[in-house]
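Mapping of the sequence shown onto UniProt numbering: residues 1 to 262, in sequence order.
Just so it is clear, CB atoms sit at the ideal spot from N, CA and C, and this is done for glycine as well.
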Amino acid sequence: MTICNYKITTHESSTKWVVLIHGLFGSLDNLNLLAKHLAPDVNVLQIDLPDHGASPRSTNISIHFYAAAIRETLQSLNIASAQFIGHSLGGKVAMGLALDTPELVSSLVVADIAPVAYGHRHQKVFAALNHIDLASLENRAQATAVFAEMLDDEGTRQFLLKSLKKDHETETWYWQFNLPTLERDYTHLIDWPYSGTSSTVPTLFIKGADSDYILAEHQPAIVAQFPKAKAHIIQGAGHWLHAQKPSVFNSIVSKFILAQSD
């Protein structure tokens, strides 16, 4: 059994639970603004995926395994049903839960990801991460300089640097995520092992207008697997839509979540 690290914000008069799941290389803090926005209305559970943040490290990674870890975490908290919001990889895991354990998922918000297999698109990220020699790293500025040379997108650079931490007892630097295993099993995370299954759970797909993670060609797969799906596009946002347009994103999510709670 794998119990993930989590953070709970409880609401004194609500029995409704909303679960927030971050994306690849992230942690539960990534969706803090959304958690604060939802907290006045529902109980909020923020989760570190396995191999991310303070959650346990895995030996074999897959969407199925991550979905099982989320399910086991909710079972340990006696949460029988919840509304799920997942960004990117977190969206894939949440969709997997809806297909594997439909009774656990009362509604679903999927942020900028589709139920399809993706091609390799993180080669430059892995190269940049591996180019940083943590054993000889003296300060964060050195890592920032490496990223500036190897990664074009400022948002990606800042996102990754959030997971660069220093152990002040040993004076050594480390990544919060399990880089070697994530890189080794990356093909399992970009895969989609649920073809041929479907879920009738109310689902909202939110796409960043400037992102290429959800394309017109993905619509048949979305409709086939989530026939009750609705869609919303956020203009002026890319893949990091929750960080680039937080007010718009939070408003869209809360409107959908509260409508399902009625």
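- With fewer than 16 neighbouring CB atoms inside 10 Å of its own CB, residue 167 falls in the exposed class.
- Taking residue 248 as reference, the option from 122, 61, 233 and 196 with the minimal CA-CA separation is 233.
- Taking 8 Å as the cut-off, the Cβ atoms of residue 4 and residue 69 count as close.
- Per DSSP, reduced to three states, the secondary structure at residue 46 is strand.
- Taken atom to atom, the span from the alpha-carbon of residue 258 to that of residue 43 is near 12 Å.
- Where residue 167 is concerned, there is no enclosing alpha helix (DSSP H), although the beta strand (DSSP E) around it starts and stops at 164-167.
- Distance from the Cα of residue 99 is smallest, within the candidate group 155, 193, 161 and 74, for 193.
- The beta carbon of residue 244 is closer than 6 Å to those of 237 in its chain, skipping five residues each way along the sequence.
- For residue 70, the enclosing alpha helix (DSSP H) has its first and last residue at 63-76.
- Given a length threshold of 4 residues, each whole run of the alpha helix (DSSP H) inside the segment 80-121 is given here in chain order: 89-100.
- Residue 56 counts as exposed, since fewer than 16 other C-beta atoms from the protein chains shown sit within 10 angstroms of its C-beta.
- In the displayed model, residue 16 falls within coil according to three-state DSSP, outside both helix and strand.
- In the structure shown, residue 214 adopts coil according to DSSP, grouped into three states.
- Residue 207 sits buried, since 16 or more C-beta atoms from the chains shown fall within 10 Å of its C-beta.
- Per DSSP, the continuous alpha helix (DSSP H) segment holding residue 36 begins and ends at 32-38.
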